[in-house]
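Novice:
There are 2 protein chains.
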Amino acid sequence: MSTKKDILNLLKHEILNLTLKPGTILSETVLSERFQISRTPLRDVLKQLSLESYIDVYPKKGNIVSYIDLESVEQIIYLRSVLEKDIINGLSGSLTLKGVLELKKNLEEQRNAILQEHALEQFLALDDTFHKTLFTLAGHEYLWKLIKFSNVHYERYRRLHMLKQEKLEKILSEHHMILDSMTNHEKDKIDELVQHHLREDMNSLYLLENFADYIKA
Amino acid sequence: MSTKKDILNLLKHEILNLTLKPGTILSETVLSERFQISRTPLRDVLKQLSLESYIDVYPKKGNIVSYIDLESVEQIIYLRSVLEKDIINGLSGSLTLKGVLELKKNLEEQRNAILQEHALEQFLALDDTFHKTLFTLAGHEYLWKLIKFSNVHYERYRRLHMLKQEKLEKILSEHHMILDSMTNHEKDKIDELVQHHLREDMNSLYLLENFADYIKA
DNA sequence: TTGCAAAATCTTGTATACAAGTTATAGATA
DNA sequence: TATCTATAACTTGTATACAAGATTTTGCAA
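As you go down the protein sequences, you meet chains A and B in turn.
Residue 246 in the working numbering sits at position 163 of the first sequence, and the numbers go up by one each step.
Residue 259 in the working numbering sits at position 176 of the second sequence, and the numbers go up by one each step.
Structural data, given as C-alpha cells:
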C-alpha cells in the first residue's frame with residue numbers, strides 16, 4: 084500500500100530515468116494491483132502525469148509513456164538559454180560571497196561525482212542543482228519550478244545524450260568557465276558559454292540514430 | 084448535461100474574468116448538480132484547475148478560487164519581458180511582409196475595439212493575440228502555451244489594472260511603437276519598450292488599495 | 001489456408017455508496 | 001447568558017460496480 088504522492092514520484096522517476104521506456108503501457112488495473120490501491124486515486128496520479136506530459140492517454144484504449152518530443156526539447160533549451168543568460172548577467176553585477184561559495188562547493192561535488200563508478204546519476208543531480216542555484220540566487224526559483232514542470236522531454240533527451248561518451252568532464256569545465264566569466268563580468272563570454280552549454284550538440288544525429296524508437300514521430 | 088471540456092473552459096473563463104471571485108467556494112456536489120454530471124468526472128475538472136492554480140484544494144474541507152499571487156505576477160512579467168525582448172529582436176532581423184501585415188491588421192482591430200462601448204473584453208483578447216502572434220512568427224508557439232498555462236494570476240492582475248483608467252489608448256500606442264522599432268531594427272528601443280510595456284505600473288499600490296481581498300496574503 | 005464475423009476480453013469512463021475528516025449546530029449545564 | 005460537549009450535517013477521499021468503447025480471439029465458412 085503506497086500513498087498517491089509516493090506513487091506519483093516513483094512513476095515520474097522511473098519515466099525520467101527511462102526505466103519505463105517511451106511507449107510502455109501503463110494499465111490502471113495493473114498499477115492498482117501493484118500498489119494495492121483502488122483505481123480512483125490511481126487515476127488521479129495518471130491524470131497528473133498526463134498534464135505534465137509524462138504519459139499520453141488514449142480514451143478507452145490505454146495510457147502509454149510519452150515519446151520524447153524534440154520540439155519540446157528545442158523550445159526548453161531556447162527558453163533556458165535566454166533566461167539563464169539574463170540571470171547570470173544580472174548576478175554578475177550583484178553577486179554575494181555566499182552565493183559564489185555555494186556554487187563553488189557544488190562544482191567540487193561534481194568533481195568528486197565524476198570519479199565514482201556510477202557517476203551519471205550523481206552528476207545529473209548536481210548539474211541540476213548548479214543551475215537551480217543560479218535561479219534561486221537571482222530570485223527566480225518560481226521560474227525554475229515552471230521549467231521543471233515542462234521538463235520530461237528535455238530531461239530524457241539529456242540523459243540519453245550523456246551516454247554518448249564521457250562528457251561529464253566537458254560539462255564540468257563549462258560550469259567553471261561560466262562561474263569565472265560571471266565573477267569577471269564578461270557579458271559576451273557569458274552569453275556564448277550559456278548558449279553552447281545548454282544547446283550541447285542538439286544538432287547531432289546521435290539520438291535519432293541510436294534511440295529512434297524513443298522519439299516522437 | 085455538459086461535457087468535461089465545456090465545464091473546464093467555463094470555470095476557467097469565469098475565474099479569469101473574476102465572475103468567480105478569489106475565495107469563492109467550489110463545492111463538488113453543488114457543481115455536479117449544476118452541470119448534471121456525477122462527482123467523478125467533475126473531480127477530474129477540479130484536479131486540472133488545481134494543477135493550473137485556478138483553485139486551491141483543502142483536503143476534506145473544500146475547494147476555493149485561488150487568490151491572486153503577486154509573486155507569480157512578478158515572475159511571469161519578468162519571464163515574458165526577457166523572452167519577448169529576444170523574440171522581437173530576432174524577428175527584427177527576419178521579418179516577413181506577411182507577418183507585419185498580420186500585426187498591423189491586429190492593431191487596426193484594437194483601434195476599432197477601443198471605440199466600442201464595452202471595449203475591455205475585446206481589447207484584452209486582441210492584445211493577447213498581438214503578443215501570441217509575435218511568439219508564433221518567431222516559431223515559439225510552444226512557449227506561448229507554456230506561459231498561458233501559468234497565467235491565472237497575471238491574467239487577473241492585468242484585468243484589474245485596466246479598470247484603473249482608460250489605459251487602452253496608451254497600450255495600443257505602445258504596440259505601435261514596438262512594431263515600429265522592430266521594423267527599424269532599433270534594439271535598445273525595443274528592449275526599453277517591451278520592458279515598460281509588460282511591467283506597466285506593477286509598482287503602484289492601486290491593486291493593494293482597491294482589491295486587497297483578492298490578493299494572496 | 002484464408003477471410004470474415006461474432007463474441008469474449010480487454011481498455012478507460014462514470015455513477016454511486018461508503019469512509020474519514022471538518023465544521024456547524026443544538027442542547028445541557030453552570 | 002455563556003460555555004462546553006455531543007451529535008448531526010457538511011466537506012472531500014476511496015472503493016467498487018457497471019457502462020461504453022476498442023481490440024483480440026475464436027470459430028465457422030468458403
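A virtual CB, placed ideally from N, CA and C, is assigned to each residue, including glycine.
Only a predicted model underlies this, so the values are computations on that prediction, with no experimental measurement involved.
Taking a cut of 9 Å between CB atoms, which residues from the stretch 112 to 136 of chain A lie near chain B?
Specialist: Listed by position, the residues of the stretch 112 to 136 of chain A near chain B (Cβ gap below 9 Å) are Thr123, Arg126, Asp127, Lys130, Gln131, Leu134, Glu135.
Novice: Ordered along the chain, which non-local residues of its own chain (more than five positions away) have a Cβ less than 6 Å from that of Ile108/B?
Specialist: The residue labelled residue 108/B in the question sits at position 25 within the second sequence. Result list for Ile108/B: Gly145, Ile147, in chain order.
Novice: What residue range does the alpha helix (DSSP H) around Ile273/B cover?
Specialist: Residue numbering aside, residue 273/B sits at position 190 when the second sequence is read from its first letter. Segment 270 to 282, the alpha helix (DSSP H) holding Ile273/B.
Novice: What ranges does the beta strand (DSSP E) occupy inside the stretch 143 to 168 of chain A, keeping only unbroken runs of at least 3 residues that lie completely in it?
Specialist: The stretch 143 to 168 of chain A contains these whole beta strand (DSSP E) runs: 145 to 148.
Novice: Do the CB positions of Val128/B and Lys87/B come within less than 7 Å of each other?
Specialist: To locate residue 128/B, count along the second sequence from 1; it is residue 45. To locate residue 87/B, count along the second sequence from 1; it is residue 4. Yes. Within cutoff.
Novice: Measure from the C-beta of Asp152/B to each C-beta in chain A and report whether the shortest distance is under 7 Å.
Specialist: Locating residue 152/B in the second sequence gives position 69, counting from the first residue. Chain A contact via Cβ: absent.
Novice: Using C-beta distances below 7 Å, list every residue in its chain close to Thr62/A, excluding the 5 sequence neighbours before and after it, in chain order.
Specialist: Since the first residue of chain A shown is 84 and the last is 300, residue 62/A is not available in this structure.
Novice: Which residues bound the beta strand (DSSP E) around Ile138/A?
Specialist: Walking along the first sequence from the start, residue 138/A turns up at place 55. Per DSSP, Ile138/A belongs to the beta strand (DSSP E) from 138 to 141.
Novice: Find the nearest neighbour of Leu198/A within the set Asn92/A, Glu157/A, Glu252/A, judged by alpha-carbon distance.
Specialist: What you label residue 198/A is simply residue 115 of the first sequence in a count that begins at 1. Minimum Cα distance to Leu198/A is reached at Glu252/A.
Novice: Would you list the one or two residues that DSSP bridges to Ile298/B?
Specialist: In the second sequence, residue 298/B corresponds to position 215, counting from 1. According to DSSP, which records beta bridges pairwise, Ile298/B is partnered with Ile151/B.
Novice: What are the residues in the stretch 218 to 229 of chain A lying within 8 Å of chain B by C-beta distance?
Specialist: Of all residues in the stretch 218 to 229 of chain A, His223, Tyr225, Leu226, Leu229 have a Cβ within less than 8 Å of some Cβ in chain B.
Novice: Give the range of the alpha helix (DSSP H) segment to which Gln205/B is assigned.
Specialist: Translated into the one-based positions of the second sequence, residue 205/B becomes position 122. That run of the alpha helix (DSSP H) goes 202 to 220.
Novice: Compare the C-alpha of Val183/B against each of Ala221/B, Tyr150/B, Ser149/B and name the closest.
Specialist: For this step, residue 183/B is matched to residue 100 along the second sequence. Residue Ala221/B is the option with its Cα nearest to Val183/B.
Novice: Would you tell me roughly how many angstroms separate the C-alpha atoms of Lys228/B and Lys228/A, rounded to the nearest one?
Specialist: For the purposes of this step, residue 228/B is identified with residue 145 of the second sequence, where counting begins at 1. For the purposes of this step, residue 228/A is identified with residue 145 of the first sequence, where counting begins at 1. Rounded to the nearest angstrom, the two C-alpha atoms are 16 Å apart.
Novice: Is the CB-CB distance between Ile138/B and Ser149/B below 7 Å?
Specialist: Walking along the second sequence from the start, residue 138/B turns up at place 55. Walking along the second sequence from the start, residue 149/B turns up at place 66. Cβ distance < 7 Å, so Ile138/B and Ser149/B count as in contact.
Novice: Which ranges would you report for the alpha helix (DSSP H) in the stretch 84 to 140 of chain A if only whole runs of at least 4 residues count?
Specialist: The qualifying runs are 87 to 99, 111 to 117, 122 to 134.
Novice: Scan the stretch 160 to 187 of chain B for residues whose Cβ lies nearer than 8 Å to a Cβ of chain A and list them as they occur along the chain.
Specialist: Residues passing the 8 Å Cβ filter: Tyr161, Leu162, Val165, Leu166, Asp169.
Novice: Taking a cut of 8 Å between CB atoms, which residues from the stretch 265 to 283 of chain B lie near chain A?
Specialist: Within the stretch 265 to 283 of chain B, no residue has a Cβ that lies closer than 8 Å to any Cβ of chain A.
Novice: Using a C-beta cutoff of 7 Å, does Ser149/A count as contacting chain B?
Specialist: The residue labelled residue 149/A in the question sits at position 66 within the first sequence. Output row for Ser149/A: interface = no.
Novice: In chain B, what lies closer than 7 Å to Ser233/A by C-beta?
Specialist: Position 150 of the first sequence, counting from 1, holds the residue named residue 233/A. Correct list: Leu229.
Novice: According to DSSP, simplified to helix, strand and coil, what is Thr179/B?
Specialist: Taking the second sequence and counting its residues from 1, the one referred to as residue 179/B is at position 96. If DSSP states are grouped into helix, strand and coil, Thr179/B belongs with coil.
Novice: What are the boundary residues of the alpha helix (DSSP H) that includes Ser264/B?
Specialist: Mapped onto the second sequence, residue 264/B falls at position 181. That run of the alpha helix (DSSP H) goes 251 to 266.
Novice: Output needed for Ser233/B: all residues of its chain with C-beta closer than 8 Å, excluding positions within five of it in sequence on either side, in chain order.
Specialist: In the second sequence, the residue the question calls residue 233/B occupies position 150. Excluding sequence neighbours, Ser233/B sits near Glu135, Ser136, Ser155, Ile159.
Novice: Between which two residues does the alpha helix (DSSP H) harbouring Leu226/A extend?
Specialist: Position 143 of the first sequence, counted from the start, is the residue given in the question as residue 226/A. Its alpha helix (DSSP H) spans residues 224 to 232.
Novice: Show which residues of chain B have a CB atom less than 9 Å away from the CB atom of Ser155/A.
Specialist: Here residue 155/A refers to the residue found at position 72 of the first sequence. Near Ser155/A (Cβ distances below 9 Å), the residues of chain B are Tyr225.
Novice: Please report the residue range of the alpha helix (DSSP H) in which Met245/B lies.
Specialist: Here residue 245/B refers to the residue found at position 162 when the second sequence is read from its first residue. Segment 235 to 245, the alpha helix (DSSP H) holding Met245/B.
Novice: Within its chain, find whatever has a CB closer than 6 Å to the CB of Leu255/A; leave out the 5 residues flanking it on each side and keep chain order.
Specialist: As a position in the first sequence, residue 255/A is number 172, starting the count at 1. Excluding positions up to five away in sequence, the list reads Gln193.
Novice: Using a 10 Å radius around the Cβ and a threshold of 16 neighbouring Cβ atoms, would you call Ser264/A buried or exposed?
Specialist: For this step, residue 264/A is matched to residue 181 along the first sequence. Per the 10 Å Cβ criterion, buried.
Novice: Would you say the stretch 169 to 176 of chain A touches the stretch 198 to 211 of chain A, given that touching needs at least three Cβ pairs under 8 Å?
Specialist: Touching, no, given that fewer than three Cβ pairs across the two stretches are closer than 8 Å.
Novice: Which same chain residues, not among the five before or five after Ser164/B, have their C-beta less than 8 Å away from its C-beta?
Specialist: Against the second sequence, residue 164/B aligns to sequence position 81. Val277, Gln278, Leu281, Arg282, listed in sequence order.
Novice: Helix, strand or coil for Leu190/B per DSSP?
Specialist: As a position in the second sequence, residue 190/B is number 107, starting the count at 1. In this structure, Leu190/B counts as helix in the three-state DSSP scheme.
Novice: Would His259/A pass as a contact of Phe213/A if the rule is Cβ separation under 7 Å?
Specialist: Stepping through the first sequence from its first residue, residue 259/A is reached at position 176. Stepping through the first sequence from its first residue, residue 213/A is reached at position 130. Their beta carbons are not under 7 Å apart, which means His259/A does not touch Phe213/A by this criterion.
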